[in-house]
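Going down the list, the sequences are from chains A and B. Under the working numbering, think of the first position of the first sequence as 10, with each following residue one higher. Under the working numbering, think of the first position of the second sequence as 5, with each following residue one higher. Glycine included, C-beta positions come from ideal geometry on N, C-alpha and C. If you're wondering where the values come from, they're calculated on a predicted model, not measured in any experiment. Worksheet: the structure to be examined is printed underneath.
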Amino acid sequence: MDDDDVRRVLSRVAMKDGTHHRDIIGSAVDIVLRRRRRMRAYGAAASGVAVAMGASAVVWVGGGSAATRPEPATSSPAVSTSTQAPAKQSLWDKQHDIYNRLAGLVNPLLPSGLSLTQSQSADLFPSGGFWLRGPSGTNSFDLSAVAKSNRNQAMENGCVAGGVCSHRQVPGGTLYISTKNFTADYGGNSGYAPGTGKQVLSFSDEYEFVPSADDGMAVDLMMSAEVSKEHYAAHPPSDDWQGQWPPPDVSTNGPRDASGVLLSPDDFATLIAKPGFAAVTTVLDQYSPVSAATLAQHKAADGTIEAAVKPVLPAGLTLSIATDDRLGFDDAMTLTGPSGANMFGWRTEPLPKNWRHGQACSSHTQPKCTWKEVPGGEIEVTHSWLPGYIGGATYLLAPGQADTQTAGSDVYKYLPDDPNGTVVIVSTGEQYRDIPWAAERPTTGAFADPSRPWPPPARSGVPFNAGGPLLSVDQFAALAQKPGITDVIQTVNTAVDKVGGVNVSIWG
Amino acid sequence: MTEAEEEFREFAVAVQGHLRRSAYLLCGDWHLAEDIVQSAFVKIFRVWRRVRKVDNRLAYARQVVYRCFLDLYRKEKKQLPTVPIAGLADQVVAESEGGDSSFDGMVLEALAGLPPRARAVIVLRFWEDMSVEQTASVLGVTEGTVKSQTSRAVAQLRDRLATAFDEQAR
Numbered sequence: 010m011d012d013d014d015v016r017r018v019l020s021r022v023a024m025k026d027g028t029h030h031r032d033i034i035g036s037a038v039d040i041v042l043r044r045r046r047r048m049r050a051y052g053a054a055a056s057g058v059a060v061a062m063g064a065s066a067v068v069w070v071g072g073g074s075a076a077t078r079p080e081p082a083t084s085s086p087a088v089s090t091s092t093q094a095p096a097k098q099s100l101w102d103k104q105h106d107i108y109n110r111l112a113g114l115v116n117p118l119l120p121s122g123l124s125l126t127q128s129q130s131a132d133l134f135p136s137g138g139f140w141l142r143g144p145s146g147t148n149s150f151d152l153s154a155v156a157k158s159n160r161n162q163a164m165e166n167g168c169v170a171g172g173v174c175s176h177r178q179v180p181g182g183t184l185y186i187s188t189k190n191f192t193a194d195y196g197g198n199s200g201y202a203p204g205t206g207k208q209v210l211s212f213s214d215e216y217e218f219v220p221s222a223d224d225g226m227a228v229d230l231m232m233s234a235e236v237s238k239e240h241y242a243a244h245p246p247s248d249d250w251q252g253q254w255p256p257p258d259v260s261t262n263g264p265r266d267a268s269g270v271l272l273s274p275d276d277f278a279t280l281i282a283k284p285g286f287a288a289v290t291t292v293l294d295q296y297s298p299v300s301a302a303t304l305a306q307h308k309a310a311d312g313t314i315e316a317a318v319k320p321v322l323p324a325g326l327t328l329s330i331a332t333d334d335r336l337g338f339d340d341a342m343t344l345t346g347p348s349g350a351n352m353f354g355w356r357t358e359p360l361p362k363n364w365r366h367g368q369a370c371s372s373h374t375q376p377k378c379t380w381k382e383v384p385g386g387e388i389e390v391t392h393s394w395l396p397g398y399i400g401g402a403t404y405l406l407a408p409g410q411a412d413t414q415t416a417g418s419d420v421y422k423y424l425p426d427d428p429n430g431t432v433v434i435v436s437t438g439e440q441y442r443d444i445p446w447a448a449e450r451p452t453t454g455a456f457a458d459p460s461r462p463w464p465p466p467a468r469s470g471v472p473f474n475a476g477g478p479l480l481s482v483d484q485f486a487a488l489a490q491k492p493g494i495t496d497v498i499q500t501v502n503t504a505v506d507k508v509g510g511v512n513v514s515i516w517g
Numbered sequence: 005m006t007e008a009e010e011e012f013r014e015f016a017v018a019v020q021g022h023l024r025r026s027a028y029l030l031c032g033d034w035h036l037a038e039d040i041v042q043s044a045f046v047k048i049f050r051v052w053r054r055v056r057k058v059d060n061r062l063a064y065a066r067q068v069v070y071r072c073f074l075d076l077y078r079k080e081k082k083q084l085p086t087v088p089i090a091g092l093a094d095q096v097v098a099e100s101e102g103g104d105s106s107f108d109g110m111v112l113e114a115l116a117g118l119p120p121r122a123r124a125v126i127v128l129r130f131w132e133d134m135s136v137e138q139t140a141s142v143l144g145v146t147e148g149t150v151k152s153q154t155s156r157a158v159a160q161l162r163d164r165l166a167t168a169f170d171e172q173a174r
């Protein structure tokens, strides 16, 4: 029995598919959407597989963590109403506007001894990119406001993933409160010192004000912090353990406060009742106009990008910050040419260890991966595409159009032969064909509702170019080998997002 | 449905078959395999805005599935079907019209007899056809660990499956 035999028996067993197929995709989406607003704190990132999703009993918790703070105001909360029409501005503009202005508006309203600062954390940018600082430490501070009709009602349905939930009436509406502690054994009691499994390592608290008035704004605040460090046992939990013991500390730079939450529910109720808070909700409202300073920041960033790429981009192509909702992705820019536009992003990374020329595409699972020899290295190109309607609801499409490809994305990768060289990666994507919607309105599903227009737009709103990628492989090869390309990419990516780059993290 | 959700669903539909099979080889139970893949999808969708442009998203998803499996074992090791898989083999035999499923059951039972990480090493190396370096990267262990666990696990599998394989080969 050799290695090929092992492969053969594994394939044979695995390919005999089980008969039970439940909708694991829909369930996963549902779980995430329900959790999203409540479990963003890093404590929740350790939730893993076995998070209890059942609602726990609703238990009233009175008072807050800081007994000396002021009592709630008796006036109605000073939240504004979302009555303004959508302005002609991009998501980039709105998110940067919040990041630029929020601390200045909130700080005068906070209890004495507390202050809000930008966290400089790209991961939480922008509305959550703040830290609340107090005498005992720091909490992450994620404040948002949406029109009451657009709220997700997650907190009104009780605790999604455990913790303690309560609600009470406050002037002008209802205050929902959720507190959750994450103990050492939350993700499994494995390897902790005896008696420390129930030690609280972090917390994640959330308050949400829901106004009584239908045209009011719902205001949500999430705070979290590390409370204490793990205490590990003298030995690993099993002989099967691999790697360093005890495990390295991975949370040294996050918010930390041994005393817990810095702003109590009463403090929150007081905060939103202050007259100055209306200006806060106005800034948080996605439809409110951004400041002239932020628009100028956008213009300056585009100017920086234009100047930086001029020496490296082919003639006729220009690069600018995306004006749709792609902020935060690594293709957060738009490449524009004479025939249309592409989504565009780029980055550099070190050559993989032990890389050898000729390995391009060797480890790829993309259905279409091609490579090309170029002086000093090779170019790898992977292509993927989307069918006519990417939600899988093929009944929405014209007959025979289910497999029609309408959008694609390409990743170009320059892999140098020099072991100390730098890999240059460009990702592009675009819609290149109109979505072939069915002529007749469907009789089932959301689009059966006659109030929804049918057919939907044939173009989704992302950059469109009938010819696909604007950058050819040869043009990319020339670009990747331009002197100083690494600095150009760094300059451009910094201009797109002044907070920093985007890091992919498995555990979110 | 948002554009991001639509994209995620399209990706998940494309990869779920492969991931389910991988998870099945790891745990030996289709229901549990679906639990593992669903947990992986939860993790992936949570960070989809960042994952969506990873140039090898299947590899990324695969890594999450394997780590979900190891996490699950660490948390609920008493409930994983290390022993019940023998029962699964019996069940498969009972449901089978021929001897093939019996052979499959023995393969699953042999896999279940391996420690979880060794099981993952075997499935990554011989089902996913990953290199030693890639396997080490997915599991977060050294290449030396992958080599030694592969060697021991294959020897163990060979020992457990020799009879069944010989019978199958005839």
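Near V497/A, which residues of its chain fall below 6 angstroms by C-beta distance, leaving aside the five closest residues on each side in sequence?
-> Start at 1 with the first residue of the first sequence, and residue 497/A comes out as number 488. Correct list, in chain order: A317 and V321.
Sort M226/A, P298/A, T192/A and A227/A by Cα distance to Q208/A and report the nearest one.
-> Numbered from 1 along the first sequence, position 199 holds the residue referred to as residue 208/A. The option with the nearest alpha carbon to Q208/A is T192/A.
Near-chain A residues of the stretch 9 to 28 of chain B - C-beta to any C-beta below 8 angstroms = E9, E10, E11, F12, R13, E14, A16, V17, Q20, G21, R24, R25, S26 and Y28
If you follow the alpha helix (DSSP H) that T495/A is part of, which residue opens it and which one closes it?
-> The residue you call residue 495/A lines up with position 486 of the first sequence. It spans I494 to V505 - the alpha helix (DSSP H) in which T495/A sits, taken as one unbroken run.
With DSSP collapsed to three states, give me the class of N159/A.
-> By 1-based counting over the first sequence, the position of residue 159/A is 150. Helix, per DSSP.
Taking the C-alpha atoms as reference points, what is the distance between D214/A and L76/B?
-> Along the first sequence, read from residue 1 onward, the residue named residue 214/A stands at position 205. Along the second sequence, read from residue 1 onward, the residue named residue 76/B stands at position 72. D214/A and L76/B: Cα-Cα distance of roughly 27 angstroms.
Which partner residues of K491/A appear in the DSSP bridge assignment?
-> In the first sequence, counting from the first residue as 1, residue 491/A sits at position 482. In the DSSP output, where bridge partners are listed per residue, K491/A has none listed.
Sequence-distant residues of its chain with Cβ nearer than 6 angstroms to T154/B (five each side left out) = Numbered from its first residue, the second sequence carries residue 154/B at position 150. Within the same chain, T154/B has close Cβ partners V125 and R129.
Simplified DSSP state of A411/A, which is helix, strand or coil = Within the first sequence, residue 411/A is the residue found at index 402, counting from 1. Note: A411/A maps to coil in three-state DSSP.
Going by Cα to Cα distance, which pick from G204/A, F485/A and K189/A is closest to E239/A?
-> Residue numbering aside, residue 239/A sits at position 230 when the first sequence is read from its first letter. Here the closest residue by C-alpha is G204/A.
Does the separation of the CB atoms of L405/A and A447/A fall below 9 angstroms?
-> If you number the first sequence from 1, residue 405/A lands on position 396. If you number the first sequence from 1, residue 447/A lands on position 438. Yes, these two residues count as a Cβ contact at 9 angstroms.
Which residue spans inside the stretch 97 to 152 of chain A form an unbroken beta strand (DSSP E) run of at least 3?
-> 124 to 127 and 139 to 143
If you measure from the beta carbon of Q160/B to each beta carbon in chain A, is any gap under 9 angstroms?
-> To locate residue 160/B, count along the second sequence from 1; it is residue 156. Q160/B does not count as touching chain A.
Relative to the C-alpha of L344/A, which residue among E358/A, I314/A and R16/A is closest?
-> Working through the first sequence from its first residue, we reach residue 344/A at position 335. The shortest Cα separation from L344/A among E358/A, I314/A and R16/A belongs to I314/A.
For S469/A, which residues of its own chain have a beta-carbon under 8 angstroms away from its beta-carbon, when the five flanking residues on both sides are left out?
-> Indexing the first sequence from 1 puts residue 469/A at position 460. Excluding sequence neighbours, S469/A sits near A416, Q440 and I444.
Same chain, Cβ closer than 7 angstroms to A489/A, five either side skipped, listed in chain order | Counting from 1 along the first sequence, the entry for residue 489/A is found at position 480. Same-chain partners within the cutoff: Y423 and V433.
Which word fits K2/A, buried or exposed, when buried means at least 16 other C-beta atoms lie within 10 angstroms of its C-beta?
-> Only positions 10 to 517 of chain A appear in this structure, which leaves residue 2/A out of reach.
What residues in the stretch 435 to 453 of chain A have a beta carbon less than 7 angstroms from any beta carbon of chain B?
-> S436
Is the stretch 147 to 158 of chain A touching the stretch 261 to 275 of chain A in the sense that three or more CB pairs, one from each, lie closer than 8 angstroms?
-> yes
Same chain, Cβ closer than 8 angstroms to V158/B, five either side skipped, listed in chain order = Position 154 of the second sequence, counting from 1, holds the residue named residue 158/B. Excluding sequence neighbours, V158/B sits near I126.
Go to R121/B, then tell me how far its alpha helix (DSSP H) extends in each direction, as first and last residue.
-> Residue mapping note: residue 121/B aligns to position 117 of the second sequence, counting from 1. Start and end: P120 to I126.
Coarse secondary structure for I388/A, derived from DSSP in three states | Counted from its first residue, the first sequence places residue 388/A at position 379. If DSSP states are grouped into helix, strand and coil, I388/A belongs with the strands.
List, in order along the chain, the chain A residues whose C-beta lies closer than 8 angstroms to that of L128/B?
-> One-based indexing of the second sequence puts residue 128/B at position 124. Correct list: empty, because the minimum Cβ distance to chain A is about 11 angstroms.
Segment limits, beta strand (DSSP E) that includes S329/A = If you number the first sequence from 1, residue 329/A lands on position 320. Start and end: T327 to I330.
Taking the beta strand (DSSP E) that V214/A falls in, what are its first and last residues?
-> Locating residue 214/A in the first sequence gives position 205, counting from the first residue. The amino acid occupying residue 214/A in the given sequence is Asp; Val does not appear at that position. Here the beta strand (DSSP E) through D214/A covers V209 to P220.
Exposed or buried, K377/A, counting other C-beta atoms within 10 Å across all chains shown (16 or more means buried)?
-> The residue you call residue 377/A lines up with position 368 of the first sequence. Exposed, because fewer than 16 other Cβ atoms sit within 10 Å of the Cβ of K377/A.
With distances taken from CA atoms, which of V115/A, L480/A, G285/A and D426/A is nearest L328/A?
-> Along the first sequence, read from residue 1 onward, the residue named residue 328/A stands at position 319. Residue L480/A is the option with its Cα nearest to L328/A.
Look at D229/A and Y241/A and say whether their C-beta atoms are less than 9 angstroms apart.
-> Position 220 of the first sequence holds residue 229/A. Position 232 of the first sequence holds residue 241/A. Not closer than 9 angstroms, so no.
From the DSSP output, read off the bridge partner residues of M226/A.
-> Within the first sequence, the letter at position 217 stands for residue 226/A. Looking at the DSSP assignment, M226/A forms a beta bridge with A156/A.
Roughly how many whole angstroms lie between the Cα atoms of G225/A and V68/B?
-> Stepping through the first sequence from its first residue, residue 225/A is reached at position 216. Stepping through the second sequence from its first residue, residue 68/B is reached at position 64. When rounded, the distance between both Cα atoms is 41 angstroms.
Leaving out five residues before and five after L74/B in sequence, what residues of the same chain have Cβ atoms less than 8 angstroms from its Cβ?
-> Taking the first residue of the second sequence as 1, we reach residue 74/B at position 70. Hits under 8 angstroms: P120, R121, A124 and L143.
Measure from the C-beta of S43/B to each C-beta in chain A and report whether the shortest distance is under 9 angstroms.
-> For the purposes of this step, residue 43/B is taken as residue 39 along the second sequence, with counting starting at 1. It does; some Cβ of chain A falls within 9 angstroms.
Which whole-angstrom value is the C-beta distance of V111/B and V236/A, which I expect to be below 8 angstroms?
-> Along the second sequence, read from residue 1 onward, the residue named residue 111/B stands at position 107. Along the first sequence, read from residue 1 onward, the residue named residue 236/A stands at position 227. Not confirmed; about 47 angstroms, so no contact.
Taking the alpha-carbon positions, what's the R16/A to A23/A distance?
-> Walking along the first sequence from the start, residue 16/A turns up at place 7. Walking along the first sequence from the start, residue 23/A turns up at place 14. The straight-line gap from Cα to Cα measures roughly 11 angstroms.
Any C-beta of chain B under 9 angstroms from that of T391/A = Taking the first residue of the first sequence as 1, we reach residue 391/A at position 382. Yes, T391/A lies at the interface with chain B (some Cβ there is under 9 angstroms from its Cβ).
Roughly how many angstroms lie between the CA atoms of A37/A and S121/A, to the nearest whole one?
-> As a position in the first sequence, residue 37/A is number 28, starting the count at 1. As a position in the first sequence, residue 121/A is number 112, starting the count at 1. Each residue's Cα considered, the two are about 43 angstroms apart.
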